[in-house]
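**Q** Just so we're aligned: 765 in the working numbering is position 7 of the sequence shown, and the numbers increase by one with no gaps anywhere.
Note that the Cβ used here is the ideal one computed from N, Cα and C, for glycine as well.
I'd like to ask you about the structure that follows.
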Amino acid sequence: MEQDNSKRPKQSAAKRPTPPKRTKNFGIIALVILVGLILFAAFNQPAKITEISISEAVKNANAGKYSEIVVSGQELLITKKGQDNASLKAIKEEAANVKDIGIDTSKVKVTVKPATSTSSTLLGIGLTSVLPVLLIGGMLFWMMRSAQGQGNQAMSFGKSRARLYGNEKEKVLFKSVAGQAEAKQDLEEVVEFLKFPKKFASLGARIPKGVLLVGPPGTGKTMLARAVAGEAGVPFFSISGSEFVEMFVGVGASRVRDLFAKAKKNAPCIIFIDEIDAVGRRRGSGMGGGHDEREQTLNQILVEMDGFEQGQNVIVLAATNRADVLDPALLRPGRFDRRVNISLPDRPDRKAILDIHFKEKPLAEGVDIDALAAKTAGSSGADLANIANEAAIIAARRNHKQIASDDVTEAFERVAIGPERKSKVMNELEKEITAYHEAGHAIVGHVLPDSDVVHKVTIIPRGGTGGVTWFIPPEDKSYHSILEYKDVLARMLGGRIAEEVKYGRDRVTTGAGNDLQKAAELARDMVINQGMGTKLRDQVFHVEEGMMLERMVHEREYSDDTAKVIDQEVEALITEAAARARAVIKANLPSLEKLKNVLLEKETVEAAEVAELLTGTRLPKEAALY
């Protein structure tokens, strides 16, 4: 696989800690206690007792039908023979004893107990009857309060979830952000608007309501926004565009109103909406006929920005990496008046960013940060921070006291092309095919005059690839010529052509699938977006990306005949690139074999050794463009 240095993995966001569920635990404990008391009351209820006359009681007692009579005051509790508990009750005169009423104590067991007090009776009744009722009532009350709390929570859906910054001990300032000198210069005016509003008002100047930060992911848009707030010394409300939108209609608009109301109360202040494209896309393309929740939220943002009164000193900062999909109403003057472009850092900026991230990390002697900055062309600030962090992790895993050059190199390669997968098993034939494939990339890229320099060649699987040939430009480039793109196409196809030359046209493998896909994408971009075709030179047919429904109903801006010519142009570029790669490889077969053998032996070959192995390679006339 031919690899460049243009893509980087994204960092994941940290999860918010979950608060302790004390209320839920209390409810469970109360429920367990309630069930226990109900069971206790159920199993301790006295048996049903039937009252009989005293004469009947005496008659049956003397007849031997009772096993025990318990005398408690005037009350006789009678247990029949064959029963365990009393089931009969009789009432005697207060002063009479059992002998006075005629009971023969030889025929039945008589037990005399003191009379039960009223308080004890009431306590028993309370424990068995009243207490469960009270607990059930308490449980019902608690459930109603919980339901009320959930209702309040439901009503809080319309409250803004913006996070407020401004009271931190260590505020983010412009000096905390490395590079981006032009962007910081533009944003310094915003700081002046907030700190000295009267200076501009005295001259009749209108303070801008909104500033749009546009740039690739990880370039520091959020940090720059916080730096504006830190420099101005004003509160900073931060929220993501996706946090406005919910499944319930009207919630997003309500949150917008609440956010702007809080901002007006805390003026002067800054509202920062990150990833505003989540809610600010063009209206009229929603599945609900232009009346979906997202569009209602966007409409409310427009209304609130129009509602700013002169002198309120509330500025809205928004960030996006897809400014092309935003609704034009957002971008008109009076809303987002200014647009600040934040680009990927150049070499000096990358050096400054790396210095900041390695500042608190112990570096060993010999670690060249400037060389690392040179190799990381196309990296964002987040990518560079990730490299520094990975280097520290690798050094710790290797039990190093300091971060060595090898640790930094491994971190850079891990972030750029993925970790090594040495555990993947390949048979000898697969290793040989991979070695020829990667050697083909390297030779074509080395020989062609407008190609980048070979940085590394390896047959060790990395990321999702079977092997990697890595090209890094010697310096940052803002523009690319047709000649450069054609050389890139040829080296992309060098791996497939090397397999074809060595094994035959019908024995090429699927290992070149990713290379062919990238080559087709580059060729089509050259024709459609860059006007680099032959018949369609200086003509652009770019169609802006949009939502799925937009793409379905979008009418193509060129005819079927033009589409056919575009396909022919793309095919011609791919065919030319394959022919050039084939000519280079056939003209340098000894070098192909030499590099293949070293790859099978060492598995990885660095830039200096690649250059030495490919000494003597030549550019055949058939592959030259000039």
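I want to know whether the segment 965-975 touches the segment 1089-1102 - three or more CB-CB distances under 8 Å.
**A** Contact between the segment 965-975 and the segment 1089-1102 is present, because at least three Cβ pairs lie under 8 Å.
**Q** Can you tell me whether DSSP reads T1267 as helix, strand or coil?
**A** Correct three-state label for T1267: coil.
**Q** Beta-carbon separation of R1249 and L1206 under 9 Å?
**A** Going by C-beta atoms, R1249 is nearer than 9 Å to L1206.
**Q** Does the distance from the CB of K1352 to the CB of L1377 come in under 9 Å?
**A** Cβ distance not < 9 Å, so K1352 and L1377 don't count as in contact.
**Q** Rounded to whole angstroms, what's the CA-CA distance from E1361 to T1223? Just pull it up for me.
**A** Those two C-alpha atoms are separated by around 14 Å.
**Q** My assumption, with CB atoms under 8 Å, is that V1266 sits in contact with V1328. Please give the rounded CB distance.
**A** Not a contact, Cβ separation roughly 21 Å.
**Q** Would you report the Cα separation of R1090 and V1342, rounded to the nearest angstrom?
**A** When rounded, the distance between both Cα atoms is 54 Å.
**Q** So, under 8 Å CB-CB, K1244 and A1335 are touching, yes? Tell me the CB distance rounded to an integer number of Å.
**A** With a Cβ gap of about 7 Å, K1244 and A1335 count as contacting.
**Q** Taking the straight line between their C-alpha atoms, what separation do you get for Q906 and K1023?
**A** Only weak support exists for where Q906 lies, its pLDDT of 49 falling under 50; the value from the coordinates is given anyway. So the two alpha carbons sit approximately 29 Å from each other.
**Q** Starting from L971, follow its DSSP beta bridges and name the residues at the other end.
**A** A1077, V1098, per the DSSP bridge assignment.
**Q** Hey, is the segment 1230-1245 in contact with the segment 1183-1200, meaning 3+ C-beta pairs nearer than 8 Å?
**A** Cβ pair count under 8 Å is below three, so no.
**Q** List the endpoints of the continuous beta strand (DSSP E) containing Y1243.
**A** It is not in any beta strand (DSSP E) - Y1243 instead sits in the alpha helix (DSSP H) that spans 1240-1250.
**Q** Flag this pair as yes or no: are the beta carbons of I1028 and A987 separated by less than 9 Å?
**A** Yes. Within cutoff.
**Q** Would you list the one or two residues that DSSP bridges to V828?
**A** V828 is bridged to L835, T869.
**Q** Using 8 Å for Cβ pairs, my map puts N818 next to I861. What's the rounded Cβ distance?
**A** Their Cβ separation, rounded to whole angstroms, is 10 Å, which puts N818 and I861 out of contact at 8 Å.
**Q** Using a threshold of 9 Å, state whether the C-beta atoms of N1079 and I965 are closer than that.
**A** No, the Cβ-Cβ distance between N1079 and I965 is not below 9 Å.
**Q** If we ignore side chains and look at the alpha-carbon of each, how far apart do P1219 and R1041 end up?
**A** So the alpha carbons of these two residues sit roughly 46 Å apart.
**Q** W1228 and H1204: beta carbons closer than 9 Å?
**A** Cβ distance not < 9 Å, so W1228 and H1204 don't count as in contact.
**Q** Rounded to a whole number of angstroms, what is the C-alpha to C-alpha distance between S726 and D1104?
**A** One cannot answer for residue 726 here, as it falls past the ends of the chain, which runs 759 to 1384.
**Q** Between the C-alpha atoms of S934 and G1271, what's the straight-line distance to the nearest angstrom?
**A** The straight-line gap from Cα to Cα measures roughly 44 Å.
**Q** Report the three-state DSSP secondary structure of R1172 (helix, strand or coil).
**A** Note: R1172 maps to helix in three-state DSSP.
**Q** Enumerate in chain order the residues of its own chain whose CB-to-CB distance from A983 is below 6 Å, with the five nearest sequence positions on each side excluded.
**A** Excluding sequence neighbours, A983 sits near F1030, L1075.
**Q** Assuming S1349 is part of the alpha helix (DSSP H), what are its boundary residues?
**A** Note, S1349: alpha helix (DSSP H), 1347-1360.
**Q** Does DSSP classify L1372 as helix, strand or coil?
**A** Correct three-state label for L1372: coil.
**Q** What's the C-alpha gap between L1017 and D1095?
**A** One C-alpha to the other measures close to 20 Å.
**Q** Terminal residues of the continuous alpha helix (DSSP H) containing L1130?
**A** First-last of the alpha helix (DSSP H) with L1130: 1127-1133.
**Q** Alpha carbon to alpha carbon, what distance is there between A1146 and S1349?
**A** Near 37 Å, if we compare the C-alpha coordinates of A1146 and S1349.
**Q** Distance check for L1274 and A959, CA to CA, integer angstroms please.
**A** The alpha-carbon atoms of A959 and L1274 are separated by roughly 59 Å.
**Q** Since A990 contacts L952 with CB under 8 Å, what's their CB separation in whole angstroms?
**A** Contact flag correct, Cβ pair sits at about 4 Å.
**Q** Quick one: give me the first and last residue of the beta strand (DSSP E) that I1230 is part of.
**A** Residues 1226-1230.
**Q** List the residues that DSSP assigns as beta-bridge partners of S996.
**A** According to DSSP, S996 bridges with R921, F1030.
**Q** On the criterion of 16 or more Cβ atoms from any shown chain inside 10 Å, does L1251 qualify as buried, or is it exposed?
**A** By the neighbour-count rule (16 or more Cβ atoms within 10 Å), L1251 is buried.
**Q** Helix, strand or coil: how does DSSP classify G1047 here?
**A** Its pLDDT being 45, under 50, G1047 is placed unreliably in this model, and the coordinates cannot settle the point.
**Q** Could you tell me which residues DSSP pairs with K1214 in its beta bridges?
**A** DSSP output for K1214 lists W1228, E1364 as bridge partner(s).
**Q** Evaluate contact between the segment 1117-1127 and the segment 1149-1163, counting only Cβ atoms and requiring at least three cross-stretch pairs below 8 Å.
**A** Contact between the segment 1117-1127 and the segment 1149-1163 is present, because at least three Cβ pairs lie under 8 Å.
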